[in-house]
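Student: Can you read through this structure? Questions will come right after.
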Amino acid sequence: MLDKTFNPSETQARFYRAWEASGAFECNPNSSARPYTIMMPPPNVTGSLHMGHALTFTLQDILIRYHRMRGRDALWQPGTDHAGIATQMVVERQLAERQITRRSLGREKFVEQVWAWKAESGGTITRQLRALGASPDWRRERFTMDEGLSAAVRRVFVRLYKDGLIYRDKRLVNWDPKLHTAISDLEVESHEIKGQLWYFKYPIEGAEGEFVEVATTRPETMLGDTGVAVHPDDERYRHLLGKHAILPLVGRRIPIVADEHADPTAGSGAVKITPGHDFNDFQVGRRHKLELINIFDRDAALNDAVPAAYRGLDRFVARKRIVADMEALGLIAKVEPHTLMVPHGDRSGAVIEPWLSDQWYCDAKTLAQEPIAAVETGRTVFVPRSWENTFFEWMRNIQPWNISRQLWWGHQIPAWYAPDGAIFVEETEVEAVAAATAHYGKSVKLERDPDVLDTWFSSALWPFSTLGWPEPTRELQRYYPTDVLVTGFDIIFFWVARMMMMGHRFMGEVPFRTVYIHALVRDERGQKMSKSKGNIIDPLDLIERYGCDALRFTLTALAAQGRDIKLAESRVEGYRNFATKLWNAARFAEMNRCALVPDFAPDACRLRLNRWIVGALAETGVRVERAIEEYKFNEAAGALYQFTWGTFCDWYLEFAKPVFAGADEAGAAETRATTAWALAQVVHLLHPIMPFLTEAIWEHLTGGKGGLLISAPWPDCTTLPRDRAAMAELDWVVSLISAIRTARAELNVPAAAELAATLRIEGADVEARVGAHGEAIRRLARLKNLAPASEGSAARAVQVVVEGATLLLDLAGAIDFDRERTRLQKELKDAVDDIERIERKLNNPQFVAKAKPEVIEEQREREVEARAAIDRIKAALARLQ
RNA sequence: GGGCGGUUAGCUCAGCGGUAGAGCGCCUCGUUUACACCGAGGAUGUCGGGGGUUCGAAUCCCUCAUCGCCCACCA
Numbered sequence: 041m042l043d044k045t046f047n048p049s050e051t052q053a054r055f056y057r058a059w060e061a062s063g064a065f066e067c068n069p070n071s072s073a074r075p076y077t078i079m080m081p082p083p084n085v086t087g088s089l090h091m092g093h094a095l096t097f098t099l100q101d102i103l104i105r106y107h108r109m110r111g112r113d114a115l116w117q118p119g120t121d122h123a124g125i126a127t128q129m130v131v132e133r134q135l136a137e138r139q140i141t142r143r144s145l146g147r148e149k150f151v152e153q154v155w156a157w158k159a160e161s162g163g164t165i166t167r168q169l170r171a172l173g174a175s176p177d178w179r180r181e182r183f184t185m186d187e188g189l190s191a192a193v194r195r196v197f198v199r200l201y202k203d204g205l206i207y208r209d210k211r212l213v214n215w216d217p218k219l220h221t222a223i224s225d226l227e228v229e230s231h232e233i234k235g236q237l238w239y240f241k242y243p244i245e246g247a248e249g250e251f252v253e254v255a256t257t258r259p260e261t262m263l264g265d266t267g268v269a270v271h272p273d274d275e276r277y278r279h280l281l282g283k284h285a286i287l288p289l290v291g292r293r294i295p296i297v298a299d300e301h302a303d304p305t306a307g308s309g310a311v312k313i314t315p316g317h318d319f320n321d322f323q324v325g326r327r328h329k330l331e332l333i334n335i336f337d338r339d340a341a342l343n344d345a346v347p348a349a350y351r352g353l354d355r356f357v358a359r360k361r362i363v364a365d366m367e368a369l370g371l372i373a374k375v376e377p378h379t380l381m382v383p384h385g386d387r388s389g390a391v392i393e394p395w396l397s398d399q400w401y402c403d404a405k406t407l408a409q410e411p412i413a414a415v416e417t418g419r420t421v422f423v424p425r426s427w428e429n430t431f432f433e434w435m436r437n438i439q440p441w442n443i444s445r446q447l448w449w450g451h452q453i454p455a456w457y458a459p460d461g462a463i464f465v466e467e468t469e470v471e472a473v474a475a476a477t478a479h480y481g482k483s484v485k486l487e488r489d490p491d492v493l494d495t496w497f498s499s500a501l502w503p504f505s506t507l508g509w510p511e512p513t514r515e516l517q518r519y520y521p522t523d524v525l526v527t528g529f530d531i532i533f534f535w536v537a538r539m540m541m542m543g544h545r546f547m548g549e550v551p552f553r554t555v556y557i558h559a560l561v562r563d564e565r566g567q568k569m570s571k572s573k574g575n576i577i578d579p580l581d582l583i584e585r586y587g588c589d590a591l592r593f594t595l596t597a598l599a600a601q602g603r604d605i606k607l608a609e610s611r612v613e614g615y616r617n618f619a620t621k622l623w624n625a626a627r628f629a630e631m632n633r634c635a636l637v638p639d640f641a642p643d644a645c646r647l648r649l650n651r652w653i654v655g656a657l658a659e660t661g662v663r664v665e666r667a668i669e670e671y672k673f674n675e676a677a678g679a680l681y682q683f684t685w686g687t688f689c690d691w692y693l694e695f696a697k698p699v700f701a702g703a704d705e706a707g708a709a710e711t712r713a714t715t716a717w718a719l720a721q722v723v724h725l726l727h728p729i730m731p732f733l734t735e736a737i738w739e740h741l742t743g744g745k746g747g748l749l750i751s752a753p754w755p756d757c758t759t760l761p762r763d764r765a766a767m768a769e770l771d772w773v774v775s776l777i778s779a780i781r782t783a784r785a786e787l788n789v790p791a792a793a794e795l796a797a798t799l800r801i802e803g804a805d806v807e808a809r810v811g812a813h814g815e816a817i818r819r820l821a822r823l824k825n826l827a828p829a830s831e832g833s834a835a836r837a838v839q840v841v842v843e844g845a846t847l848l849l850d851l852a853g854a855i856d857f858d859r860e861r862t863r864l865q866k867e868l869k870d871a872v873d874d875i876e877r878i879e880r881k882l883n884n885p886q887f888v889a890k891a892k893p894e895v896i897e898e899q900r901e902r903e904v905e906a907r908a909a910i911d912r913i914k915a916a917l918a919r920l921q
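Just so it is clear: in the first sequence, position 139 is 179 by this note's numbering, and no numbers are missing.
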């Protein structure tokens, strides 16, 4: 006998082991089945599962399990990402606790430490994925820094370099002074800061007492000023063009130039130019051949390029000092409060400094062309479609991608420098040496570039590197391109776009046919959850308390397209109750000896009750299929919830009770078989969303002899019979019973009377009892304005009752006719209003001309119904006189 | 400064041209061998405001308000 409630924790571990041991997760490259592939976005190797993971992996698992059951050769490729900056920071923090710095340790030792940390914590995330019920092919688990993937990275880098799509360049980068590395534009987050705008007066050379006023939010950068720009059309400053200003505190003579960059309406209209520390000024400086002075060191402290008084000062200390000194000189015209956007590193939180340095760049512009075309022509489709705009917007304005990082953890760039600065880019040191030797005609000493690649560089190769590229493996042939990529919009740029670039370049084909962008799970304040913000809600806690299936179902039910999820725990609780409900339905089936019948044929059912549930189930199955295939996960969950609770448990099982107890042995046997069958179908349909619960029920249903549900075929609901008449009939009975219940509640019938009124149909008594109450049913139906589903309805109702409806017949005789009259009069008014409204529509030529035929038909039907209702209500009222 | 999205029952959210929905919460009632993690019933909404399109608008368009997100070099 099943327990009263489902015990998730015991079940989860047991079935997960069984699934894995059975090989159910494994793809089969030798199979003749059509492949279905999803690349798992690799979580950070040292990370832990957060709610965003729970959502994305649940949805992916649903797709994989569904298609696996549909007979596809499903591959869900798992793995983890080395997450360069994030991981390095974690390890550095750990070392800091032991008063050790990365530099004191040295590169080699430090990297060893990171590997040790990876070995220690790397299993956490995959363990948690298992706790979530995820079913990827673990045999194939990869890591972005394992041997094969590293080789792929080197191959790609070298090829792109030799094709001129990777190059080295000296330009301003986003410098993180805390992490001492460059970061890409995408890793910069702008935050609004309330600052000040200082108006400085720069003296004009050779014009005593004359100044040009420049406004700045960053006074410290003035030490690197090498010009002042004004707009060419700005009359106020025309006379200054060609003259020079003398930079205060420094004494440098700097030219005043005309440049469109200067906005006459902003600040004073004249703008100081610091080519070394501002992206705009860099351009202006280049246009006017202004000197470029780098005034910061890698900590963003002032270097020796500034006057001695400021050397070594931190940039923010220097700011105060400079303002004070300018003030003392009387060179501050005014100070205004000013709100500005300040760039911060998304990992470190440090204020980013534009800094001149040598970095490696990838020509993203060129690589973006094919992906753009692929999305334009629909070879890759975004779901929801609206994300394509975001994709295009970014791809069409894409900047060179800075791929080098001054870190130690990551793929070291395969470039070697000769003493004369020549660069040799090869996959191995041996090859680089050979190339250099060939170049110089003798062996030279080479030094490897110390930088590593941006983490996203290796992630970009994920869809093919994990399949064995550059080797022409069977898997690569079979599973690329993949079917769908499931991810949040936050990494469209970081990852999706780059996979498309690399996929096209090296495979000549899109990496995935569909990109499904799901919502983000946000925290209670609507903020994005992220590792760096530390506002992560632990899904494992919810799994612990409500079970994995409840969490999965909740996320699925909330995964409507295009909207973010703010998780309410009451929803999880509600769906936990849903799991219990289904569990108890199975328990009911067991108690009533409902066993699966081997060759059960749904279309051979005799009883209307059973024909009805078969049809209702068929409709549900079709809805679930369609919903999953359209990525409308919430609709799939909703349909299953509604059917399971609202139809199967609330009505079918209730109707089945008297049948089980009745005299119709054959009917009871058929109903037992149908109950077991329907339950089996439900657990199949629900399995992708709630794998553990359904597997457990399946085990009971089959006595453990039916194999694992995870490997069972998906039921074909499209071919199931749908007996419309039976379905309409049962719908009517349901409303009839609801009406009786309403009457009971309204009339406040004493419990004893109600009990007496409850008809239990047993044995030979049936016909007599039904006969005795037939008139009561008819009378009640008329009173409650219930249209019969077909002719001979009262007789039908009797028949249905015979099949098992628990009807409270005697109540009909207990109705308070005064109250009933009031109610009927209200209903009459409603019906008359309805008719008026419908008539207005139907008499409206434009409605008839323009509305869809089925809508018109529906209105006509409603009118007929309403008219019939009026007749019935009137007759009922007359009878009440 | 540009985009994008939200604003529907007390709360969390579906619905997105044809008579307002779910779960939770709330109020009645219920000791029937599936389930109190339950059952029956009930109350609660000018579908953010204002315009427009349409025979018909929560649903489409415009506008305003408000909340949030993304992108952007404004000194």
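Backbone N, C-alpha and C fix where the C-beta goes; we use that ideal spot for every residue, glycine too.
1) Whole angstroms are fine: how far does the CA of Ala458 sit from the CA of His479?
2) What distance in whole Å lies between the Cβ atoms of Arg182 and Gly119, which are believed to be in contact at a cut-off of 8 Å?
3) Going along the chain, which residues of its own chain have a beta-carbon closer than 6 Å to the beta-carbon of Leu200, five neighbours each way excluded?
4) Given Glu515, which residues of its chain have a CB within under 6 Å of its CB, disregarding the five upstream and five downstream residues?
5) Ignoring anything shorter than 4 residues or poking outside the stretch 728-754, list the alpha helix (DSSP H) runs there in chain order.
6) Is the stretch 52-70 close to the stretch 147-162, with three or more CB pairs under 8 Å?
7) Where Tyr692 and Glu613 are concerned, what is the direct C-alpha to C-alpha distance, given to the nearest angstrom?
8) I believe Ile362 touches Gly264 by the beta-carbon criterion, under 8 Å. Please report the beta-carbon distance rounded to the nearest angstrom.
9) Quick one: complete alpha helix (DSSP H) runs, 4+ long, within the stretch 527-551?
10) Rounded to whole angstroms, what is the Cα-Cα separation between Tyr401 and Gln139?
11) If you count every other CB in all the chains shown that lies within 10 Å of the CB of Arg633, and 16 or more means buried, which is it?
12) Determine the closest residue to Glu132 out of Lys890, Gln153, Ala390, Trp434, with distance taken between C-alpha atoms.
13) I'd like the list of long-range same chain contacts for Gln168, defined as Cβ closer than 7 Å, with 5 residues on each side in sequence excluded.
14) Can you have a look at Arg276 and say buried or exposed, based on whether 16 or more other CB atoms are within 10 angstroms of its CB?
15) Going by C-alpha to C-alpha distance, which of Thr711, Tyr671, Gly249, Ala629 sits closest to Ala641?
16) Compute the distance between the beta-carbons of Ile583 and Leu595, then report whether it is under 9 Å.
17) Check the C-beta distance from Trp456 over to Glu469 and give it rounded, since I have them as a contact under 8 Å.
18) From the DSSP secondary-structure annotation, give me the bridge partner or partners of Ile153.
19) How would you call Phe552, buried or exposed, if buried means at least 16 neighbouring beta carbons within 10 angstroms?
20) On a CA-only basis, which of Thr266, Val297, Ala364, Arg355 is nearest Gly316? Give me that one, please.
21) Which same chain residues end up closer than 6 Å to Thr314 when comparing Cβ atoms and leaving out the 5 residues on each side of it in sequence?
22) Pick helix, strand or coil for Ser144, following the three-state DSSP scheme.
23) Curious, which full-length beta strand (DSSP E) runs of at least 3 residues does the stretch 231-299 contain?
24) Who pairs with Phe336 in a beta bridge, going by DSSP?
25) Tell me Pro383's beta-bridge partners as DSSP assigns them.
26) Under 8 Å Cβ to Cβ from His740, same chain only, skipping five residues before and after it: list those, please.
27) With a threshold of 8 Å, are at least 3 pairs of Cβ atoms found where one atom belongs to the stretch 651-663 and the other to the stretch 711-720?
28) Under 9 Å between the Cβ atoms of Ile102 and Ile737?
29) Quick check on the DSSP output: the beta strand (DSSP E) that includes Phe464 runs from which residue to which?
30) How long is the line joining the alpha carbons of Arg194 and Leu407, rounded to whole angstroms?
31) Tell me the rounded alpha-carbon separation between Val254 and Ala373.
32) Which two residues bound the contiguous alpha helix (DSSP H) that contains Val213?
33) Can you name the start and end residues of the beta strand (DSSP E) that Met79 belongs to?
34) When burial is assigned at 16 or more other CB atoms within 10 Å of the CB, is Met381 buried or exposed?
35) Of all the options Arg648, Tyr671, Leu748, which has the alpha carbon lying nearest to the alpha carbon of Met767?
36) Is the stretch 536-550 close to the stretch 473-492, with three or more CB pairs under 8 Å?
Tutor: Looking at the coordinates:
1) 10 Å
2) Between Gly119 and Arg182 a beta carbon distance of about 4 Å is seen, short of the 8 Å cut, so the two are scored as contacting.
3) Ile206
4) Pro69, Leu507, Gly508
5) 731-742
6) no
7) 25 Å
8) Rounded, the Cβ-Cβ distance is 12 Å, inconsistent with contact.
9) 537-547
10) 35 Å
11) Around the Cβ of Arg633, a 10 Å sphere holds fewer than 16 other Cβ atoms; the residue is exposed.
12) Considering only alpha carbons, the answer is Gln153.
13) Ser88, Leu89, Leu580
14) exposed
15) Thr711
16) no
17) 7 Å
18) A small fix is needed here, since residue 153 is Gln in this sequence, not Ile. Beta-bridge annotation (DSSP): Gln153 is not paired with any residue.
19) buried
20) Thr266
21) Thr261, Gly264, Asp265, Asp321
22) helix
23) 251-256, 267-270, 284-286, 293-298
24) Leu342
25) Bridge pairing for Pro383: Ser230 [DSSP].
26) In chain order, Leu42, Ala626, Glu630 place their CB closer than 8 Å to the CB of His740, counting only its own chain and leaving out the 5 sequence neighbours on each side.
27) yes
28) Cβ atoms of Ile102 and Ile737: not closer than 9 Å.
29) 463-465
30) If I take the Cα positions, the gap works out to 18 Å.
31) 9 Å
32) Unbroken run through Val213 is the beta strand (DSSP E), 206-216; no alpha helix (DSSP H).
33) For Met79, the uninterrupted beta strand (DSSP E) segment begins and ends at 75-79.
34) Counting the other Cβ atoms within 10 Å of the Cβ of Met381 gives fewer than 16, which makes it exposed.
35) Arg648
36) no
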